[in-house]
Structure formats: structure tokens, C-alpha cells
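Line by line, the protein sequences give chains P and Y. Under our numbering, the letters of the first sequence match residues 1 to 350, in that order. Under our numbering, the letters of the second sequence match residues 351 to 713, in that order. Using N, Cα and C, we set each Cβ at its ideal position, and we do this for glycine too. Because the structure is a prediction, the values reported are computed rather than measured.
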Amino acid sequence: MAELSKTTTEREPILQVRNLVKHFPLTQGILFKKQVGAVKAVDGVSFDLYQGETLGIVGESGCGKSTVAKLLMNLERATAGEVFYKGQDITKLSGRALKAVRRNIQMVFQDPYTSLNPRMTVGDIIGETFEIHPEVAPKGDRRRKVQELLDVVPDLGLYINRYPHQFSGGQRQRIGIARGLALNPEIIICDEPVSALDVSVQAQVINLMEKLQDEFNLSYIFIAHDLSIVRHISDRVGVMYLGKMAEIGTDAQIYDHPTHPYTQALLSAVPVPDPEVRESRERIILTGDVPSPANPPSGCRFRTRCWKAQDKCSTEEPLLAVPERFKGQDTLAAHDSACHFAEEKAILAV
Amino acid sequence: MLRDNISKQDEGGGVTTSEILSVAETGGGTAVPLLEVDNLQVEFKTRDGVAKAVNGVSYSVSAGETLAVLGESGSGKSVTAQAIMGILDSPPGRIAGGEVRFHGRDILKMSDEERRKLRGDKMAMIFQDALSSLNPVYSVGDQLGEMFRVHRGMSKKDSKAKAIELMDRVKIPAAKARVGDYPHQFSGGMRQRIMIAMALALEPDLIIADEPTTALDVTVQAQVMDLLAELQREMNMGLILITHDLGVVADVADKIAVMYAGRIVETAPVHEIYKRPSHPYTRGLLDSIPRLDQKGQELYAIKGLPPNLLRIPTGCAFSPRCPKVQDICRTEIPVLHPVTEQDGTELPGRGSACHFWKDQIHG
């Protein structure tokens with residue numbers, strides 16, 4: 001696991017995730033419930049997050065990326081593993097100690113329509129955070145604090161007394177971001193923050209997020225399935241498949257020199273809006289669907305859809321590490337990849 | 351009447367929108383296009399007034415051709431499709447004018463019974479969300495077979511055999527074993543295949559696919575899109591592909607119509623629109639996609655928001671957001687001008703509803 005931090009600088013990570021596991025029990029029976037299995041939503045995920053950086057996490061639906069987000073907030077209790085925030089394991093915290101940590105780790109949700117209370121005004125939605133954490137803003141000062149926050153976010157400043165339904169999707173997402181900023185956190189976890197928005201509005205929100213990052217020295221965990229947006233905003237990118245991290249590295253390492261076959265397939269499938277580029281590139285079309293996380297394949301989880309799969313892949317689970325053949329080499333291919341047969345393949349980047 | 355108005359505004363020697371669109375047809379001989387939408391207008395009555403969701407849209411599709419209709423939410427792209435299919439929610443929706451000619455006949459004038467016979471048989475639709483478009487309490491075999499029982503009067507046994515054949519055709523593994531399964535037992539990609547199978551069941555002439563892959567993962571998206579394109583080629587159907595994603599359409603479409611606030615703002619063959627857009631809105635959409643060389647820079651963003659359909663801006667609807675706006679844009683609605691090269695050479699199939707299309711494409 002120490003391999004993880006090698007690719008980046010020797011800075012102290014602000015968040016260290018180690019072997020994080022979340023299994024949701026599958027039960028049978030009504031009165032006497034017995035556990036008959038488990039959905040292995042997250043099954044041993046490790047990564048670091050550094051101050052001021054953006055870590056993108058990509059993967060298909062059901063790969064566990066949103067569960068990771070909830071585990072980092074301790075909204076779900078981890079089955080096993082640790083999440084260290086400044087050396088403190090937050091998976092073990094509860095009550096007052098947990099509340100104190102959560103002040104510094106905030107979240108922006110995907111759907112701006114359901115994550116804002118329709119019966120509260122914008123001012124109250126953002127002000128509510130100060131009710132829970134009164135130490136951040138004394139009572140008489142709250143209204144001013146809220147107004148300050150709304151002024152930071154474009155075209156919201158005048159609307160402190162409006163209700164969520166009076167805003168467009170893009171504006172609502174900005175309200176969500178303003179709420180995330182209210183407590184002056186160090187880390188913001190963004191779970192698909194722009195995927196519900198129209199193309200022309202997505203760019204506005206991404207620009208705002210980048211501006212705020214510079215202004216407040218925020219660290220982002222940016223979860224999304226749109227690979228071109230993730231590349232634009234991220235310093236490092238992790239690719240998840242069926243509860244595991246398949247590959248992780250800097251954006252150039254992952255997009256220009258992917259070594260895991262799943263990453264290669266994912267990148268080749270991205271719809272590129274230029275017909276000429278599309279015709280000149282090789283597309284890897286995976287067969288079949290993602291297997292069920294309740295009953296994942298043995299060994300490498302990707303082997304059922306992989307064109308390189310061999311016997312070894314079904315018996316031995318590949319570990320996330322720099323592949324043997326690239327070790328010690330000065331190439332961008334030398335980054336963590338969980339594949340027995342990791343190799344470079346020319347993929348036209350997104 | 352409304353059509354006259356549009357022609358009158360166009361005094362600079364322009365042509366009406368339908369004429370431009372028919373230019374694209376010249377390559378395909380003189381045959382009547384499969385579907386012609388001509389100056390279609392759709393309104394919705396709401397508590398706050400009349401929302402003009404579709405405001406004079408014209409396009410055409412020939413057999414074997416794919417038209418991509420591109421637009422953001424509220425642009426009227428789906429409402430146009432609903433009007434063509436005859437599944438518009440009315441009231442509050444109402445077709446306020448225009449014609450939809452299918453094989454040369456205006457289907458808006460047909461009786462409900464006639465249209466019901468067309469639907470499913472001659473024209474079919476694929477929806478975005480397969481889970482909510484399939485009936486959860488019937489097996490997929492029942493639902494696929496229903497097409498044959500209702501439209502072809504087949505027996506239960508024959509229709510089941512047909513259902514299995516269809517499931518094979520859309521590459522659902524072990525079709526025979528799965529024909530009795532219910533929608534929730536299939537994955538998202540498989541459900542969308544079943545939707546495609548259902549649309550193709552009676553070998554219609556026209557398929558309208560409304561965001562068919564938006565709810566799917568990228569790797570599955572590619573599979574489903576390829577399947578759809580393959581079947582379309584095989585059966586020589588006309589396909590209208592409605593989407594908001596510039597990337598999805600690039601492979602499969604022959605021509606593109608870009609919609610904004612209920613109007614078509616640009617039409618072009620698919621290759622050309624990416625290279626040389628002739629409308630500032632299209633340009634803006636293309637520019638706001640993150641590109642590799644922009645890493646670390648601010649993304650280009652179209653300022654403002656798509657307009658409220660109850661209060662569409664006067665003149666060009668895009669004018670409040672347009673970086674090149676001039677006085678004339680705020681007062682005069684631009685018609686879809688035919689786009690030409692600088693020396694006047696015609697560009698077949700290209701049109702732009704911008705007063706300053708010349709600056710946009712040549713400037």
C-alpha cells in the first residue's frame with residue numbers, strides 16, 4: 001500500500017484510505033432474518049488525497065464509487081478498513097468527535113432537485129449548517145455569513161429569500177456548492193456534481209468549482225462517469241471496477257498511458273464528438289455486462305469481460321501496484337495497475 | 351398562415367426552411383422522403399400562459415438515413431418526436447400548426463384509429479428509460495409477443511416464438527430461457543435491447559429513439575448504439591436519434607439538426623458540423639466540451655441559461671446568451687439561411703438560423 005504515494009510528491013496526505021470494505025448483507029426471511037450473502041459494494045479500496053488536489057474517481061454504475069463517497073463521510077459504516085483524516089481514523093468515530101471531523105469534510109450531491117429541502121429558503125438551507133455547527137458563526141452573525149457565501153457564487157447574491165423551485169438546475173447545484181462551502185471545509189466530496197445538468201451549464205459549474213478550489217485551497221474528490229470532465233478537473237484519477245480500484249495515477253498516466261485493460265476499454269468507448277477522430281481510433285467493445293457485486297468473479301474481477309484473460313486471472317487476484325515490467329522505469333506507464341498482464345496500448349485520449 | 355409570416359421576414363432572397371432541408375435530399379434522387387415535418391408548432395397551455403415548445407420545426411428523414419436532433423432540455427426535441435408519434439399529452443399540449451407527412455400523407459389529419467394502426471407497425475419509438483417503459487407485471491416475452499397478437503393477430507404460441515426470435519436478434523444471450531423473465535430481472539443494457547426489439551418487432555419504416563443510451567454506462571452505451579445502427583442498416587429504416595450528447599451522434603448520424611428554444615438553429619451533414627459550425631450556439635456547445643489542450647484553463651461556458659418557454663426572448667432566442675449579438679438580433683427572428691462557401695458554392699444540407707452566419711463560418 002505504500003506504493004500509492006510514490007507517484008505523487010512527498011507531501012503529507014490529508015486523507016488516507018486503507019483497505020476500505022463495505023458489504024451490504026443480503027437477508028432472507030421476515031421474522032428470523034438470516035444472512036444469505038453480501039453485496040460487496042466496496043471491497044478493499046486504498047488511496048491518498050493531498051491538500052489542494054483533485055482526485056477523480058471514475059467507473060460504471062455499480063462499481064462502488066458512490067459508496068466510497070458515503071464511507072468517507074461516515075454516512076455508511078465501513079465493514080472493515082480505515083479512513084485517516086489527519087492521522088485520525090474516522091470510521092471509528094461517533095458523536096461529537098465525528099461531528100467535528102465532518103465539519104471539515106463536506107459533500108456536494110448529484111441531484112440538485114432532491115438534495116435541497118423544497119420548504120426552506122436558500123438562506124435557511126445554507127444557514128442550517130450553522131445551527132449544527134454553531135461554533136463557526138455566532139447567532140447574530142449568521143445572516144451576514146450566508147449572504148457572503150451567496151456572493152461568492154455567481155448570480156445567487158440577490159436571492160437569499162427564494163425557494164429551490166424558483167431556480168434552474170445549474171443555480172441549484174451552485175446552492176449545493178455554497179452549502180458545501182459554508183463550514184469552510186478542507187475536503188469536498190463531489191458525487192456526480194454536473195451529470196444532471198445541461199451541457200452548456202456544466203462548464204459554468206466546473207469553472208466555479210475550480211475557482212473556489214484556488215480561492216479556499218480545497219481538496220476535491222470528484223466522482224463522475226464523464227471521463228473528459230474528470231480529466232479536465234483532476235490531478236490524479238482512480239478507475240474503479242466492481243468494488244476494487246483497477247488503476248490509479250496522474251491524469252496523464254491514466255489517460256495517455258493506461259495499462260489496465262478495463263481503463264483502455266473505458267477510454268476507447270468514450271463518445272468523442274469528432275467523427276474523424278472516431279474513425280481513426282480503435283474501439284474496444286466489451287462484451288456482456290458488469291457482473292453482480294453479490295457474486296463477483298474469482299481472481300481478477302474484470303476477467304469475465306477481458307480479452308486478455310488467462311487461467312492465472314481466475315485463480316490469483318492481481319494487486320494494485322506498479323507492474324513488474326515497468327518497475328524503476330522512467331515512463332508514465334509506471335503507475336499502480338491491478339492487472340497480471342498490464343501493458344500499454346495506444347488509446348486516443350479523451 | 352404562419353408559414354407566410356416566416357417567408358415574409360426573409361427578404362434577403364432566402365428560402366423557407368423546408369426548401370433548405372430538401373436540398374439534403376437531392377443526393378437520394380427525387381423520391382418522396384419517408385418523413386417530412388413541415389413548420390410544426392406545438393404549444394402547452396400552462397397556468398402562467400402558453401408555452402411554445404415547438405415553434406416552426408421542419409426536417410425530413412429518408413429510408414436508411416439517420417437524423418440526429420440535438421438540443422438541451424426544453425429545446426423541443428422530444429416534444430417534436432411525441433407530436434410525430436401522436437403521443438403528445440393533450441391537453442395541455444396542442445399541435446398549433448404545420449404538417450407531418452409520412453410516405454407523403456399528412457398524418458396529423460388522420461383519425462385516431464388510423465394513427466393507432468401506424469404506431470408500432472410503421473413507426474416506433476425507443477424511450478430513454480427502459481425500466482419505466484416496460485410493464486413490470488408482464489414477462490418480456492408477453493410484452494414482445496403483444497405486438498404480434500395485436501397488430502398481426504397471431505396466436506399466443508406463435509407470438510412467443512416470434513418474441514424469442516427477436517430477443518436473439520438483439521443479441522440477448524439465452525433468449526429461449528429468458529423469454530419468461532420479467533423486466534427487473536434484466537440489466538439496464540439488456541432492458542434497452544428489449545426496448546429496441548419491441549420497436550423493431552413489426553419492421554417499421556421509421557424509428558424514433560429518444561435518448562436511447564443516456565441512462566447506460568459508457569461501455570454498454572457503445573454496444574447498444576452499435577446494435578441499433580446495425581439493425582437500421584439491415585432493415586433500411588429511417589432513424590431519428592434525439593440526444594443532448596454531441597459525442598453519441600458522431601458515429602451513427604448522417605445529418606444533424608440542432609434545436610434551441612423550439613426552433614432548429616442549424617442543420618448540417620454530421621462531419622461538417624464539428625469542423626465548421628455556422629451558428630454561435632453550436633459553436634458554444636462544441637467549445638464547452640473539455641479538451642486536452644485546455645487542461646488547467648477555464649472551460650468555455652455559454653453564459654446564462656436556456657430561456658423560459660413562456661418568455662422566449664424577442665428576435666433570436668439565443669441573443670441574450672450570444673457573444674456576437676447585434677441590435678438586429680434582438681428584434682428580428684433569423685430564418686434558416688442556406689449556408690454557402692465564401693465564393694457562393696452551395697453546401698448541400700447546411701442551414702443556419704443566424705443573421706451573421708457568414709461571420710460564424712468564414713470569419
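DSSP bridge partner residues for residue i (one or two, in chain order)
i, result
"Y:D693", "BP columns for Y:D693 are empty, so no partner."
"Y:R444", "Y:E393"
"P:G56", "P:F222 and P:V237"
"Y:L385", "Y:V411 and Y:F452"
"P:Q88", "P:Y85"
"P:P47", "This sequence places Phe at residue 47 of chain P; Pro is not what is there. According to DSSP, which records beta bridges pairwise, P:F47 is partnered with P:V17."
"Y:P688", "Y:G701"
"P:Q35", "P:T27"
"P:Q106", "P:I188"
"P:E247", "P:V239 and P:S337"
"P:G288", "According to DSSP, P:G288 bridges with nothing at all."
Collapsed DSSP secondary structure at residue i in the structure displayed
i, result
"P:H23", "strand"
"Y:Y610", "strand"
"P:C190", "strand"
"Y:F498", "helix"
"P:E131", "helix"
"P:Q253", "helix"
"P:E82", "strand"
"P:L156", "coil"
"P:L212", "helix"
"P:G176", "helix"
"P:T121", "coil"
"Y:A511", "helix"
"Y:G588", "strand"
"P:A309", "coil"
"P:Q264", "helix"
"P:S314", "helix"
"Y:K645", "coil"
"Y:T664", "coil"
"P:P138", "coil"
"Y:I558", "strand"
Counted within 10 angstroms of its Cβ, other Cβ atoms place residue i as buried (16 or more) or exposed
i, result
"P:Y113", "exposed"
"P:A342", "buried"
"P:N74", "buried"
"P:I285", "exposed"
"P:E33", "A quick correction: the sequence has Lys, not Glu, at residue 33 of chain P. By the neighbour-count rule (16 or more Cβ atoms within 10 Å), P:K33 is not buried but exposed."
"Y:T430", "buried"
"P:A41", "buried"
"P:Q53", "Strictly speaking, residue 53 of chain P in this sequence is Glu, with Gln absent from that position. Buried is the call here."
"P:I375", "The structure shown does not extend to residue 375 of chain P, since chain P is modelled only from 1 to 350, so the question has no answer here."
"Y:P554", "buried"
"Y:T695", "exposed"
"Y:S428", "buried"
"P:Q329", "exposed"
Alpha-carbon spacing of residue i relative to residue j, whole angstroms
i, j, result
"Y:L516", "Y:G495", "10 Å"
"Y:V392", "Y:D439", "11 Å"
"Y:P657", "P:N19", "48 Å"
"Y:T617", "Y:L417", "10 Å"
"Y:V692", "Y:K708", "Per the sequence presented here, residue 692 of chain Y reads as Gln, with Val not at that position. When rounded, the distance between both Cα atoms is 8 Å."
"Y:K402", "Y:G443", "10 Å"
"Y:I623", "Y:S638", "15 Å"
"Y:H621", "P:D251", "29 Å"
"P:V17", "P:K86", "11 Å"
"P:K139", "P:Q147", "14 Å"
"Y:L591", "Y:G654", "27 Å"
"Y:G451", "Y:L660", "One detail in the question is off: residue 451 of chain Y reads as Arg in this sequence, not Gly. Going by the C-alpha atoms only, they are around 28 Å apart."
"Y:T376", "Y:Y409", "Caution applies to Y:T376, whose pLDDT of 41 falls short of 50 and renders its modelled position unreliable; the value that the coordinates give is listed next. Each residue's Cα considered, the two are about 14 Å apart."
"Y:L458", "Y:A446", "11 Å"
"P:L105", "P:I188", "Correcting the residue identity first, residue 105 of chain P is Ile in this sequence and not Leu. Looking at the two C-alpha atoms, the distance is approximately 6 Å."
"Y:F394", "Y:R613", "15 Å"
"Y:M460", "Y:R469", "12 Å"
Original post:
Quick one, which residues of the stretch 555 to 573 of chain Y are near chain P if we go by CB-CB under 8 Å, in chain order?
Top reply: Within the stretch 555 to 573 of chain Y, the residues whose Cβ lies closer than 8 Å to some Cβ of chain P are D567, V568, T569, V570, Q571, A572 and Q573, listed in chain order.
Original post:
Taking any Cβ of chain P, which residues in the stretch 585 to 611 of chain Y have a Cβ under 7 Å from it, in chain order?
Top reply: Cβ contacts with chain P: H594, D595, L596, G597, V598, A600 and D601.
**OP:** Please name the residues in the stretch 652 to 669 of chain Y whose beta-carbon is closer than 7 Å to at least one beta-carbon of chain P, in chain order.
**Re:** Within the stretch 652 to 669 of chain Y, I652, L655 and P656 place their CB atoms closer than 7 Å to a CB of chain P, listed in sequence order.
**OP:** For the stretch 146 to 174 of chain P, enumerate the residues whose C-beta is nearer than 7 Å to any C-beta of chain Y, in chain order.
**Re:** If the cut-off is 7 Å between Cβ atoms, the stretch 146 to 174 of chain P has S168 and G170 near chain Y.
**OP:** Give the residues from the stretch 252 to 271 of chain P that approach chain Y closer than 7 Å (Cβ to any Cβ), ordered along the chain.
**Re:** Flagged, chain order: A265, L266, A269, V270 and P271.
Subject >> Residues from the stretch 539 to 554 of chain Y in contact with chain P, defined by Cβ distance under 9 Å >> reply: Of all residues in the stretch 539 to 554 of chain Y, G539 and M540 have a Cβ within less than 9 Å of some Cβ in chain P.
Subject >> Cβ-based contacts, 8 Å cut-off: residues of the stretch 65 to 81 of chain P near chain Y >> reply: Going along the stretch 65 to 81 of chain P in chain order, one finds no residue with a Cβ nearer than 8 Å to chain Y.
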